[in-house]
Amino acid sequence: MKMSMKEDRILKSKIRREKVKNTWLEMKRNKTSYLFIAPFMICFIIFIVVPVFTAALLSFTSFNSIQPPKFVGLLNFKIMFSQDSVLMKYVIPNTFKFAIFVGPIGYAMQFLLAWLINQLPKKFKKLYVMAIYTPSIAGGVMISTVWVVLFSSDRLGYLNNLLINLGIISHPIAWTQSPDYLLGIMIFVTIWGSMGVGFLSLFAGLQNVDATLYEAGKIDGIKNNLQELWYITLPSMKPQMLFAAVMSIVGSLNAGQIGVQLSGQNPTPNYAGQLIQNHIEDYGFIRYELGYATALTFMLLIAAYAVTKITWFFLGTKEDE
Amino acid sequence: MRIRLRAKKLNRLRGFGYFNIIILTIFAVISIMPIVFIINNAFKPLSELFMFPPEFFVKNPTMQNFNNLISTMSDSLVPFSRYFFNSIVVTSISVALTVVFSSTAAFAFSKGNFPGKDMLFKLIVVSLMFSPAAVSITRYLVISKLGLINTYAALILPQLALPVGVFLIKQFMDQLPKELLEAAKIDGASTWTTFYKIVIPNVKIAIGTVMILAFQTVWMDSDSSALYMISEAKKTLPYFVTTLTSGLTNSVANQGASASAVLLLFLPNFIIFAIMQKSIMETMVNSGIK
Chain A
1 MKMSMKEDRI LKSKIRREKV KNTWLEMKRN KTSYLFIAPF MICFIIFIVV
51 PVFTAALLSF TSFNSIQPPK FVGLLNFKIM FSQDSVLMKY VIPNTFKFAI
101 FVGPIGYAMQ FLLAWLINQL PKKFKKLYVM AIYTPSIAGG VMISTVWVVL
151 FSSDRLGYLN NLLINLGIIS HPIAWTQSPD YLLGIMIFVT IWGSMGVGFL
201 SLFAGLQNVD ATLYEAGKID GIKNNLQELW YITLPSMKPQ MLFAAVMSIV
251 GSLNAGQIGV QLSGQNPTPN YAGQLIQNHI EDYGFIRYEL GYATALTFML
301 LIAAYAVTKI TWFFLGTKED E
Chain B
1 MRIRLRAKKL NRLRGFGYFN IIILTIFAVI SIMPIVFIIN NAFKPLSELF
51 MFPPEFFVKN PTMQNFNNLI STMSDSLVPF SRYFFNSIVV TSISVALTVV
101 FSSTAAFAFS KGNFPGKDML FKLIVVSLMF SPAAVSITRY LVISKLGLIN
151 TYAALILPQL ALPVGVFLIK QFMDQLPKEL LEAAKIDGAS TWTTFYKIVI
201 PNVKIAIGTV MILAFQTVWM DSDSSALYMI SEAKKTLPYF VTTLTSGLTN
251 SVANQGASAS AVLLLFLPNF IIFAIMQKSI METMVNSGIK
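Heads up: the protein sequence lines correspond to chains A and B, in order.
FYI, the numbering for the first sequence is 1 to 321, going by this note's numbering.
FYI, the numbering for the second sequence is 1 to 290, going by this note's numbering.
Take a look at the structure:
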């Protein structure tokens with residue numbers, strides 16, 4: 001208590017200086033570590049961090065890529081919420097529906113399939129994992145080749161031909177051109193191709209649950225598969241589930257082109273398959289309204305970040321675990 | 001383990017096993033049907049491609065589509081072999097550099113203890129979700145500001161920022177016992193020697209997995225060529241395939257050629273995965289985010 005305010009401040013600044021000095025020494029001692037992360041970090045900063053921050057900054061400007069960006073405050077966001085009727089009427093509802101199906105429902109399917117495969121006798125496991133995983137390595141190129149042909153609009157289209165033969169429809173339907181079907185087809189095809197790294201991680205996690213836990217569970221009175229799943233399997237593979245969930249989010253962000261790929265046009269017919277990514281490209285690469293396009297990007301990133309945070313909340317490992 | 005086996009037997013008796021197999025078989029068939037379709041289409045002669053009603057399976061397989069793909073393209077401005085060559089160059093350089101960059105970074109994050117480590121690694125984990133597609137516009141601006149438009153560097157460098165690569169290898173390295181590295185230190189090995197003589201051989205599996213992931217993303221990537229490349233002669237094979245298929249919505253004309261091209265793109269991917277499946281699964285065990 002005897003110490004005056006001034007002395008206190010001097011002491012504090014001394015401690016701070018000492019700390020900075022220590023950190024600096026620590027950094028010097030670890031310079032090999034920095035050397036080791038440098039190549040990756042440089043690419044990471046240039047191609048991921050800088051684009052994200054640029055998007056954040058440009059979203060407050062009006063920018064057409066020729067003249068320098070002009071600061072406009074919140075104008076882009078005001079336009080977004082009040083004047084962009086396509087966004088409000090089609091893009092957001094579509095993106096929302098698409099995200100719900102491809103995200104949570106697709107993720108649940110990934111888990112269910114991994115879980116079912118894990119119940120199989122060992123010799124079948126590999127085969128089924130391979131069959132389910134294969135579409136994800138087929139890539140976007142496959143989508144435009146196979147699915148467009150299978151869904152093609154005339155009698156030569158395979159789906160049309162099949163349904164006409166079965167007597168379900170009487171004349172061919174232009175599946176990918178039709179506002180009624182496009183979004184559904186997009187969801188189906190995306191889920192088809194989404195059983196990738198996340199699915200493998202879930203499967204690996206399932207296989208690796210400590211077997212003694214199941215034995216202990218038996219003793220504690222666990223009666224059936226479902227109880228086992230809920231009380232033992234799920235809690236012990238949270239980390240893999242979180243990784244798979246993050247991969248799911250990335251997957252649905254990446255799938256934004258699918259409507260354009262299937263229908264062959266941007267905007268998609270009647271905006272039926274217009275997702276936020278297509279809207280961004282429409283403004284960014286077609287109309288060159290980059291300020292507005294990056295404002296949309298910024299909102300998308302914030303939404304993705306929020307979703308990740310929520311997932312983290314449910315699946316993240318808490319401090320006490 | 002024994003209890004699990006018994007539980008499984010009980011299940012089978014209850015019929016759950018059969019039910020399970022049927023459900024999974026349905027999913028597996030839906031999953032691979034399009035791929036079977038592509039394989040069949042690639043070998044269909046023109047007459048079968050235009051046949052009505054359309055047949056799913058090929059009757060008289062021919063190599064005609066592959067020949068067409070290679071010969072007609074060699075007459076055009078940019079021959080097929082050129083796209084193929086570009087793809088090989090871009091993919092092999094990207095994969096090699098990705099592996100080196102990711103494993104060195106993973107090593108520092110796993111075994112190093114430098115100021116800022118936790119913060120930087122958290123940043124990498126968060127960025128797992130920032131797909132390139134989400135920031136395509138600003139990424140384009142960055143690449144054009146750096147003057148990389150129309151150079152191979154624009155196809156390669158952005159691919160090297162593969163957070164999931166660093167993440168997977170780091171998680172795998174975390175499993176290595178401390179004693180291993182300490183023993184090396186006592187023997188007087190430098191950090192670099194420890195890294196490539198002791199750590200790398202022990203995380204080969206994870207490195208293999210990252211190689212495959214990198215290969216898959218780069219080999220199948222058509223967007224980069226479409227966005228960053230101007231001259232046709234520098235674009236890659238997947239881009240070329242999309243030009244074949246872009247008019248496909250209502251025509252069968254290019255189906256044979258595009259099916260054979262897609263098959264050529266897909267096969268290497270598939271074969272590598274089939275061979276490496278076991279090591280991928282072992283890596284994925286450690287993929288969890290804690």
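For each residue, glycine too, the CB sits at the ideal point set by N, CA and C.
Hey, how far is the Cα of Thr294 (chain A) from the Cα of Ile280 (chain A)? Your numbering for residue 294 (chain A) matches position 294 in the first sequence. Your numbering for residue 280 (chain A) matches position 280 in the first sequence. When rounded, the separation of the alpha-carbon atoms in Thr294 (chain A) and Ile280 (chain A) is 8 Å.
CA nearest to the CA of Leu291 (chain B), picked from A:Gly284, A:Ala306, A:Ser4 and A:Asn225: The displayed coordinates of chain B run from 1 to 290. Any statement about residue 291 (chain B) would go beyond what the structure contains.
Within the chosen definition, does the segment 144-159 of chain A reach the segment 67-84 of chain A through at least 3 CB pairs nearer than 8 Å? No, they do not touch.
Mapping the DSSP letters down to three states, classify Lys70 (chain A) as helix, strand or coil. Walking along the first sequence from the start, residue 70 (chain A) turns up at place 70. In the three-state DSSP reduction, Lys70 (chain A) falls in the strand class (E or B).
Assuming Val210 (chain B) and Leu176 (chain B) form a contact by the criterion Cβ under 8 Å, report the distance between their Cβ atoms to the nearest whole angstrom. The sequence position of residue 210 (chain B) within the second sequence is 210, counting from 1. The sequence position of residue 176 (chain B) within the second sequence is 176, counting from 1. About 16 Å separates the two Cβ atoms, so there is no contact after all.
With DSSP as the reference, please indicate the residues paired to Ser62 (chain A) in a beta bridge. Translated into positions along the first sequence, residue 62 (chain A) becomes position 62. The bridge partners DSSP lists for Ser62 (chain A) are A:Lys70.
Pull up the distance between the alpha-carbon of Pro39 (chain A) and that of Ala105 (chain B), whole angstroms please. Against the first sequence, residue 39 (chain A) aligns to sequence position 39. Against the second sequence, residue 105 (chain B) aligns to sequence position 105. Annotation: Pro39 (chain A) to Ala105 (chain B) spans about 8 Å, alpha carbon to alpha carbon.
Report all residues from its chain with a CB closer than 7 Å to the CB of Ser102 (chain B); omit the five preceding and five following residues, and keep chain order. Sequence index remark: in the second sequence, residue 102 (chain B) carries index 102 (1-based). So the qualifying residues of the chain are Leu162, Gly165, Val166, Ile169 and Val210.
9 Å Cβ cutoff, Tyr128 (chain A) in contact with chain B: To locate residue 128 (chain A), count along the first sequence from 1; it is residue 128. Closer than 9 Å: yes.
Rank A:Gly140, A:Gly217 and A:Ala304 by C-alpha distance to the C-alpha of Met220 (chain B) and give the top, closest one. One-based indexing of the second sequence puts residue 220 (chain B) at position 220. It is A:Gly140.
For Asn67 (chain B), which residues from the same chain have a beta carbon less than 7 Å from its beta carbon, with the 5 sequence-adjacent residues on both sides left out? As a first step, residue 67 (chain B) is located in the second sequence; it is residue number 67 there, counting from the start. Nothing meets the Cβ criterion.
Is the Cβ-Cβ distance between Phe172 (chain B) and Ala131 (chain A) less than 9 Å? Taking the second sequence and counting its residues from 1, the one referred to as residue 172 (chain B) is at position 172. Taking the first sequence and counting its residues from 1, the one referred to as residue 131 (chain A) is at position 131. Against a cut-off of 9 Å, the Cβ pair of Ala131 (chain A) and Phe172 (chain B) comes out as no contact.
Short CB-CB distance (under 9 Å) between Met237 (chain A) and chain B: In the first sequence, residue 237 (chain A) corresponds to position 237, counting from 1. Cβ-Cβ to chain B under 9 Å: yes for Met237 (chain A).
Taking the straight line between their C-alpha atoms, what separation do you get for Phe266 (chain B) and Ser127 (chain B)? Reading the second sequence from its first residue, position 266 is the one you call residue 266 (chain B). Reading the second sequence from its first residue, position 127 is the one you call residue 127 (chain B). Inter-residue distance for Phe266 (chain B) and Ser127 (chain B) is about 28 Å (C-alpha atoms, whole angstroms).
Return the CA-CA distance between Gln265 (chain A) and Gly259 (chain A), expressed in angstroms with no decimal places. The count along the first sequence starts at 1 and reaches residue 265 (chain A) at position 265. The count along the first sequence starts at 1 and reaches residue 259 (chain A) at position 259. One C-alpha to the other measures close to 8 Å.
Can you give me, in chain order, the residues of the segment 27-41 of chain A that have a beta carbon less than 9 Å from any beta carbon in chain B? Listed by position, the residues of the segment 27-41 of chain A near chain B (Cβ gap below 9 Å) are Met27, Arg29, Asn30, Lys31, Thr32, Ser33, Tyr34, Leu35, Phe36, Ile37, Ala38, Pro39, Phe40 and Met41.
Looking at Ala114 (chain A) and Phe203 (chain A), is the spacing between their C-beta atoms short of 9 Å? For the purposes of this step, residue 203 (chain A) is identified with residue 203 of the first sequence, where counting begins at 1. For the purposes of this step, residue 114 (chain A) is identified with residue 114 of the first sequence, where counting begins at 1. In this structure, the beta-carbon distance from Phe203 (chain A) to Ala114 (chain A) falls below 9 Å.
Compare the beta carbon distance of Gln257 (chain A) and Gln274 (chain A) with 9 Å and say whether it is the shorter of the two. Within the first sequence, residue 257 (chain A) is the residue found at index 257, counting from 1. Within the first sequence, residue 274 (chain A) is the residue found at index 274, counting from 1. Taking 9 Å as the Cβ cut-off, Gln257 (chain A) and Gln274 (chain A) do not qualify as a contacting pair.
As assigned by DSSP and simplified to three states, the class of Glu179 (chain B): Translated into the one-based positions of the second sequence, residue 179 (chain B) becomes position 179. Glu179 (chain B) carries a helical assignment under DSSP once its states are collapsed to helix, strand and coil.
How is the alpha helix (DSSP H) around Met80 (chain A) delimited, first residue to last? By 1-based counting over the first sequence, the position of residue 80 (chain A) is 80. Unbroken alpha helix (DSSP H) run through Met80 (chain A): Leu75 to Ser82.
Have a look at A:Trp312, A:Thr308, A:Leu183 and A:Asp282 and flag the residue whose alpha-carbon is nearest the alpha-carbon of Val86 (chain A). Stepping through the first sequence from its first residue, residue 86 (chain A) is reached at position 86. That would be A:Asp282, whose Cα lies nearest to the Cα of Val86 (chain A).
DSSP three-state assignment for Asn250 (chain B), whether helix, strand or coil: Start at 1 with the first residue of the second sequence, and residue 250 (chain B) comes out as number 250. Note that Asn250 (chain B) has pLDDT 44, beneath the 50 cutoff, so the model's placement of it is unreliable and no number is given.
Alpha carbon of Lys28 (chain A) to alpha carbon of Thr191 (chain B), nearest angstrom: In the first sequence, counting from the first residue as 1, residue 28 (chain A) sits at position 28. In the second sequence, counting from the first residue as 1, residue 191 (chain B) sits at position 191. Between the C-alpha atoms of Lys28 (chain A) and Thr191 (chain B) there is a straight-line separation of about 15 Å.
Does chain A have any CB closer than 9 Å to the CB of Met282 (chain B)? Locating residue 282 (chain B) in the second sequence gives position 282, where the first residue counts as 1. At residue 282 (chain B) the sequence reads Glu, which differs from the Met that was named. At least one chain A Cβ lies under 9 Å of Glu282 (chain B).
Would you please verify whether the beta carbon of Arg139 (chain B) is less than 9 Å from any beta carbon of chain A? Locating residue 139 (chain B) in the second sequence gives position 139, counting from the first residue. Arg139 (chain B) counts as touching chain A.
Compare the beta carbon distance of Tyr18 (chain B) and Asn86 (chain B) with 9 Å and say whether it is the shorter of the two. Your numbering for residue 18 (chain B) matches position 18 in the second sequence. Your numbering for residue 86 (chain B) matches position 86 in the second sequence. No, the pair does not count as a contact, with Cβ atoms beyond the cut-off.
Given Lys238 (chain A), which residues of its chain have a CB within under 7 Å of its CB, disregarding the five upstream and five downstream residues? Working through the first sequence from its first residue, we reach residue 238 (chain A) at position 238. The residues are Leu315 and Thr317.
Out of curiosity, what's the CA-to-CA distance linking Tyr228 (chain B) and Phe60 (chain A)? For this step, residue 228 (chain B) is matched to residue 228 along the second sequence. For this step, residue 60 (chain A) is matched to residue 60 along the first sequence. Answer to the nearest angstrom: the Cα atoms are 26 Å apart.
I think Pro158 (chain B) touches Phe47 (chain A), with their Cβ atoms under 8 Å apart; what is that distance to the nearest whole Å? In the second sequence, the residue the question calls residue 158 (chain B) occupies position 158. In the first sequence, the residue the question calls residue 47 (chain A) occupies position 47. The pair is a contact, with the Cβ atoms about 4 Å apart (cut-off 8 Å).
Going by other Cβ atoms of all chains shown within 10 Å of its Cβ, with 16 needed for buried, is Gly196 (chain A) buried or exposed? The residue given as residue 196 (chain A) occupies position 196 in the first sequence. When all chains shown are included, Gly196 (chain A) counts as buried.
So Tyr292 (chain A) and Asn30 (chain A) are supposed to be a Cβ contact under 8 Å. How far apart are they, rounded? Position 292 of the first sequence holds residue 292 (chain A). Position 30 of the first sequence holds residue 30 (chain A). Not confirmed; about 44 Å, so no contact.
Enclosing alpha helix (DSSP H) for Ile21 (chain B) [first to last residue]: In the second sequence, residue 21 (chain B) corresponds to position 21, counting from 1. Element bounds for Ile21 (chain B): Phe16 to Ala42.
Using a Cβ-Cβ cut-off of 9 Å, state whether Asn41 (chain B) counts as contacting chain A. Here residue 41 (chain B) corresponds to residue number 41 of the second sequence, with the count starting at 1. Answer yes: the Cβ-Cβ gap between Asn41 (chain B) and chain A drops below 9 Å somewhere.
Between Leu120 (chain A) and Tyr128 (chain A), what straight-line distance do the alpha-carbon atoms span, to the nearest angstrom? For the purposes of this step, residue 120 (chain A) is taken as the residue at position 120 of the first sequence. For the purposes of this step, residue 128 (chain A) is taken as the residue at position 128 of the first sequence. As the crow flies, the alpha-carbon of Leu120 (chain A) is around 9 Å from that of Tyr128 (chain A).
Other residues of its chain near Thr217 (chain A): CB distance less than 7 Å, five sequence neighbours each side excluded: In the first sequence, counting from the first residue as 1, residue 217 (chain A) sits at position 217. A small fix is needed here, since residue 217 (chain A) is Gly in this sequence, not Thr. Glu228, Tyr231 and Ile232, listed in sequence order.
Spell out whether any CB of chain A is found under 9 Å from the CB atom of Asn150 (chain B). The residue you call residue 150 (chain B) lines up with position 150 of the second sequence. Interface flag for Asn150 (chain B) against chain A is unset, since no Cβ pair is found closer than 9 Å.
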